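A.B. asks:
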Amino acid sequence: MTAFLSMPRSVYVQQGNLLDALLFLSRTLARMKIHHVVTGGAALALYGYSQRIQMIDLLVTSRGLERIQEILLNQRLTLVDADSNLFWDIRTGYSIKLHLAEEFSNYPHLSLDEMGVVTLDEIPTLPLELLLKQRVKPKVCSPTAA
Numbered sequence: 035m036t037a038f039l040s041m042p043r044s045v046y047v048q049q050g051n052l053l054d055a056l057l058f059l060s061r062t063l064a065r066m067k068i069h070h071v072v073t074g075g076a077a078l079a080l081y082g083y084s085q086r087i088q089m090i091d092l093l094v095t096s097r098g099l100e101r102i103q104e105i106l107l108n109q110r111l112t113l114v115d116a117d118s119n120l121f122w123d124i125r126t127g128y129s130i131k132l133h134l135a136e137e138f139s140n141y142p143h144l145s146l147d148e149m150g151v152v153t154l155d156e157i158p159t160l161p162l163e164l165l166l167k168q169r170v171k172p173k174v175c176s177p178t179a180a
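Number 114 in our numbering belongs to position 80 of the sequence shown; there are no gaps in the numbering.
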């Protein structure tokens, strides 16, 4: 099922600019008081790992899941797969995958607060050691030179 609802602005600011996309998304969700954490390859990019990012993975609470789905649809994103909570923005090329924090692969017993969330460039993410221990690891190149 594909759904489009029209609003004046996309979740993302510029095509291909991951940091701008993450900042706008995180600020929007924070304003809506939806607890979220960026994980996966996008989070590793915040730590300076150089890799091609096509998907933004977000951990959300079960309470925030419904609200965040509505926000993404209102931002004119395409719902690719309702069962897997996968969205796509044709304007940026990024997909957004929503994961329930309660079902996080290696730490199902921890809440988002107990995972030691850190903030990098105003974006909530997980400590590097947790990201590297995730069950499905993205291809990690070396950290970029600062």
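Ideal Cβ positions, reconstructed from N, Cα and C, are used throughout, including at glycine.
All of these numbers come straight from a predicted model, not from anything done at the bench.
What is the DSSP secondary structure of LEU154, reduced to helix, strand or coil?
C.D. replies: Taking the sequence shown and counting its residues from 1, the one referred to as residue 154 is at position 120. Of the three classes helix, strand and coil, the one that applies to LEU154 here is strand, per DSSP.
A.B. asks: Quick check on VAL95: does DSSP put it in helix, strand or coil?
C.D. replies: Translated into positions along the sequence shown, residue 95 becomes position 61. It should be pointed out that residue 95 corresponds to Thr in this sequence rather than to Val. THR95: coil per DSSP, three-state reduction.
A.B. asks: So the candidates are GLU104, LEU56 and MET66; which of them puts its Cα closest to the Cα of THR73?
C.D. replies: Translated into positions along the sequence shown, residue 73 becomes position 39. Cα-wise, what sits closest to THR73 is LEU56.
A.B. asks: Of the choices LEU113, ALA135, ILE105 and MET149, whose alpha-carbon is the least far from that of PHE58?
C.D. replies: Your numbering for residue 58 matches position 24 in the sequence shown. When only C-alpha atoms are compared, the closest one is ILE105.
A.B. asks: By DSSP, does ILE102 sit in helix, in strand, or in coil?
C.D. replies: Along the sequence shown, one-based indexing puts residue 102 at 68. Residue state, collapsed to three classes: helix.
A.B. asks: Alpha carbons only, please: which of LEU132, LEU166, SER118 and GLN168 is nearest the one belonging to GLY98?
C.D. replies: Counting from 1 along the sequence shown, the entry for residue 98 is found at position 64. Nearest C-alpha to GLY98: LEU132.
A.B. asks: How about ILE130 and ILE90: are their beta carbons less than 8 Å apart?
C.D. replies: The count along the sequence shown starts at 1 and reaches residue 130 at position 96. The count along the sequence shown starts at 1 and reaches residue 90 at position 56. Yes, the Cβ-Cβ distance between ILE130 and ILE90 is below 8 Å.
A.B. asks: Could you please give me the residues that DSSP links to SER132 through a beta bridge?
C.D. replies: For the purposes of this step, residue 132 is identified with residue 98 of the sequence shown, where counting begins at 1. Per the sequence shown, residue 132 should be read as Leu rather than Ser. According to DSSP, which records beta bridges pairwise, LEU132 is partnered with LEU92.
A.B. asks: Put LEU111 into one of helix, strand or coil per three-state DSSP.
C.D. replies: The sequence position of residue 111 within the sequence shown is 77, counting from 1. DSSP places LEU111 in coil when its eight states are reduced to three.
A.B. asks: Considering only C-alpha positions, which residue in the set GLN103, GLY75 and LEU166 is nearest to ILE87?
C.D. replies: On the sequence shown, position 53 is the one that residue 87 refers to. Nearest option by C-alpha distance: GLY75.
A.B. asks: Alpha carbon to alpha carbon, how far is MET66 from GLN85? Give it in angstroms, no decimals.
C.D. replies: Here residue 85 corresponds to residue number 51 of the sequence shown, with the count starting at 1. Here residue 66 corresponds to residue number 32 of the sequence shown, with the count starting at 1. Distance between the alpha carbons of GLN85 and MET66 is about 30 Å.
A.B. asks: Just the Cα atoms here: how many angstroms apart are ARG101 and ILE68?
C.D. replies: For this step, residue 101 is matched to residue 67 along the sequence shown. For this step, residue 68 is matched to residue 34 along the sequence shown. Rounded to the nearest angstrom, the two C-alpha atoms are 8 Å apart.
A.B. asks: Cutting at 7 Å between CB atoms, please list the residues of its own chain near ILE157, excluding the five before and the five after it.
C.D. replies: In the sequence shown, residue 157 corresponds to position 123, counting from 1. Around ILE157: LEU56, LEU57, SER60, VAL72 and LEU80.
A.B. asks: Relative to the C-alpha of ASP54, which candidate in LYS167, THR95 and LEU154 has its C-alpha closest?
C.D. replies: Working through the sequence shown from its first residue, we reach residue 54 at position 20. The shortest C-alpha separation from ASP54 is found at LEU154.
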